[in-house]
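**Student:** I'd like to ask you about the structure that follows.
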Amino acid sequence: MKRLNSKSGCAVEVTLSVMGGTWKPVILFHLLPGKKRFGELGRSIGGITQRMLTLQLRELEEAGIVERTVYAEVPPRVDYELTELGRSLQPVLIAMRNWGQEYSQRFDAAGPLHDDAEASAPRAPDIAQKVA
1 MKRLNSKSGC
11 AVEVTLSVMG
21 GTWKPVILFH
31 LLPGKKRFGE
41 LGRSIGGITQ
51 RMLTLQLREL
61 EEAGIVERTV
71 YAEVPPRVDY
81 ELTELGRSLQ
91 PVLIAMRNWG
101 QEYSQRFDAA
111 GPLHDDAEAS
121 APRAPDIAQK
131 VA
C-alpha cells in the first residue's frame with residue numbers, strides 16, 4: 001500500500017491525494033453497494049473512458065481503497081470492491097452526494113440528479129437551519 005505524505009501538513013491534502021479528482025469519488029460512490037465488474041462499473045459511471053477507469057482503479061488499489069479480484073475463468077472475470085479502509089469513506093461520499101443534491105436544488109442546476117447507488121446509500125438528515 002502506498003503511503004502519502006502531506007506537503008502542507010494538512011490532513012485534507014492527504015485525503016484529496018487518495019480520493020480526489022473528477023473520477024475517483026464517483027468510482028468509490030458506485031462501489032458503495034458492493035462488488036462490480038469492470039464493464040458494469042464503466043456503464044454505471046458514464047462519460048469515463050476505459051483507460052481512465054483502469055488508471056483510477058489502479059491508483060485506488062495501490063492506495064488500499066479498492067480490492068481487485070481476478071477469477072481464473074475463460075473469459076477472465078475481474079471484480080472490484082471497496083476494502084475495509086475504502087468502506088470507511090462512506091460517510092464522506094454520502095455527505096458529498098447530499099451536498100451536491102442540495103447545491104443543485106438551491107441553484108436549479110441541470111435539473112434533478114440521479115445516482116445508481118442512491119437507493120442503497122443512506123441519506124443524511126435534512127438540515128433545518130441555514131448555515132452562515
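All letters in the sequence shown, in the order written, are residues 1 to 132 by my numbering.
We put the beta carbon where it would ideally sit given N, CA and C, even for glycine.
The model shown is predicted, which means the values in this text are computed figures rather than measured ones.
1. On the DSSP bridge list, what partners appear for V78?
2. Could you tell me the alpha carbon to alpha carbon distance between L93 and P75, rounded to whole angstroms?
3. Does the Cβ of L32 have 16 or more other Cβ atoms within 10 Å, making it buried, or fewer, making it exposed?
4. Determine which residues share a DSSP beta bridge with R37 and list them.
5. Residues in its own chain within less than 8 Å of V78 by CB, not counting five upstream and five downstream?
6. Note down the Cα distance separating F29 from S104, rounded to an integer number of angstroms.
7. To the nearest angstrom, how far is the alpha carbon of E84 from that of I65?
8. Given A132, which residues of its chain have a CB within under 6 Å of its CB, disregarding the five upstream and five downstream residues?
9. Excluding the five sequence neighbours on either side, which residues of its own chain have a C-beta within less than 8 Å of the C-beta of L89, listed in chain order?
10. What first and last residue would you give for the alpha helix (DSSP H) that runs through T15?
11. DSSP on T54, reduced to helix/strand/coil?
12. For E59, tell me which candidate among G47, G86, W99 and A95 has the shortest Cα-Cα distance.
13. Applying the criterion that 16 or more other CB atoms from any shown protein chain within 10 Å of the CB defines a buried residue, is R51 buried or exposed?
**Tutor:** Let me spell this out:
1. As DSSP reads the structure, V78 sits in a beta bridge with V70.
2. Rounded to whole angstroms, L93 to P75 spans 33 Å at the Cα level.
3. L32 is buried by the Cβ-count criterion.
4. Within the DSSP secondary-structure output, R37 pairs in a beta bridge with D79.
5. Closer than 8 Å at the Cβ level, and outside the excluded window around V78, lie R37, F38, R68, T69, V70 and Y71.
6. So the alpha carbons of these two residues sit roughly 18 Å apart.
7. When rounded, the distance between both Cα atoms is 8 Å.
8. Unreliable placement is indicated for A132, whose pLDDT of 36 sits below 50; the coordinate value is still reported in the next sentence. The answer is none, since no qualifying residue turns up.
9. Answer for L89: M19, L28, I65 and L82, listed in chain order.
10. Its alpha helix (DSSP H) spans residues A11 to M19.
11. T54 falls in the helix class under three-state DSSP.
12. Considering only alpha carbons, the answer is G86.
13. So R51 counts as exposed.
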